[in-house]
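Quick note: to get the numbering used here, add 344 to the position in the sequence shown (first position is 1). Note that CB positions come from ideal geometry on N, CA and C, so glycine has one too.
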Amino acid sequence: MFQMVSKGMIDLTVNGEKRSALAKPSDTLLTVLRTQLGLTGAKPGCENGDCGACTVLIDGWPIKSCLTLAVEAVGHEVTTVEGLKDAPIQAAFIEQWGFQCGYCTSGFLMVCHALANIHPNATNEVLADWLQSNLCRCTSYEEIERAIRMIVTTPS
């Protein structure tokens with residue numbers, strides 16, 4: 345017979361702040377962020393890791409929160425789009441019109457912010473590789489690429 349798994353408290357560090365949430369062992373980070381912590385910037389899209397709308401950072405690296413269990417984030421620093429505040433990538437997206445409907449924007453912001461921190465001198469190939477992790481159905485990627493190029497120096 346199956347045993348019911350009950351919810352328990354987990355402690356997360358989100359956007360530099362210690363937060364507690366009630367979660368089942370099977371709850372995704374996306375679900376906990378949105379329903380327990382009220383952080384709705386990460387969006388449910390495909391919920392199978394293809395679209396990137398749910399992207400957040402764990403210890404500075406972009407991950408798909410729909411594929412990550414909330415308990416896996418315990419002991420790590422989680423950054424959501426709400427935690428970026430006035431990051432340069434946000435101003436770049438606004439200046440370059442790197443969004444239309446906005447549904448994918450938070451995921452792209454997270455990937456581009458991480459790229460700028462991890463590869464500040466990214467080549468065109470690295471930039472293209474990183475942007476493949478997210479999908480936008482509204483706009484061409486030219487505006488998004490121009491935005492990230494404002495803060496990432498591409499070597500000549």
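Helix, strand or coil at residue i according to DSSP, with G and I counted as helix
{"i": "residue 355", "result": "strand"}
{"i": "residue 470", "result": "helix"}
{"i": "residue 361", "result": "strand"}
{"i": "residue 479", "result": "coil"}
{"i": "residue 428", "result": "coil"}
{"i": "residue 375", "result": "helix"}
{"i": "residue 423", "result": "strand"}
Short Cβ contact (8 Å threshold) for residue i with residue j
{"i": "residue 478", "j": "residue 399", "result": "yes"}
{"i": "residue 447", "j": "residue 491", "result": "no"}
{"i": "residue 483", "j": "residue 444", "result": "yes"}
{"i": "residue 359", "j": "residue 423", "result": "yes"}
{"i": "residue 369", "j": "residue 418", "result": "no"}
{"i": "residue 499", "j": "residue 455", "result": "no"}
{"i": "residue 290", "j": "residue 433", "result": "It is not possible to answer for residue 290, since the shown part of the chain is limited to 345 through 500."}
Sequence-distant residues of the same chain with beta carbon closer than 6 Å to residue i, five excluded per side
{"i": "residue 463", "result": "470"}
{"i": "residue 480", "result": "448"}
{"i": "residue 436", "result": "491, 494 and 495"}
{"i": "residue 391", "result": "410"}
Residue from the options whose Cα sits closest to the Cα of residue i
{"i": "residue 389", "options": "411, 380 and 382", "result": "411"}
{"i": "residue 497", "options": "420, 434 and 459", "result": "459"}
{"i": "residue 404", "options": "436, 382, 453 and 378", "result": "453"}
{"i": "residue 441", "options": "421, 488, 430 and 426", "result": "488"}
{"i": "residue 421", "options": "357, 495 and 466", "result": "357"}
{"i": "residue 377", "options": "401, 499 and 395", "result": "401"}
{"i": "residue 475", "options": "430, 432, 465 and 451", "result": "451"}
{"i": "residue 394", "options": "430, 438 and 408", "result": "408"}
{"i": "residue 457", "options": "485, 486, 493 and 439", "result": "493"}
Cut-off 7 Å between Cβ atoms - residues of its own chain near residue i, not counting five sequence neighbours on either side
{"i": "residue 508", "result": "The structure shown does not extend to residue 508, since the chain is modelled only from 345 through 500, so no value can be given for it."}
{"i": "residue 351", "result": "366, 367 and 368"}
Cβ neighbours of residue i in the same chain (closer than 8 Å, five flanking residues each side left out)
{"i": "residue 413", "result": "369, 370, 371, 372 and 373"}
The ligand SAM heavy atom lying under 7 Å from the CB of residue i
{"i": "residue 386", "result": "Looking at this structure, you won't find the ligand SAM or any other ligand, since it has none at all."}
So within the region 380 to 413, which uninterrupted beta strand (DSSP E) runs reach at least 3 residues, ignoring any that extend past its ends? Segments of the beta strand (DSSP E) lying fully in the region 380 to 413: 399 to 402 and 405 to 408.
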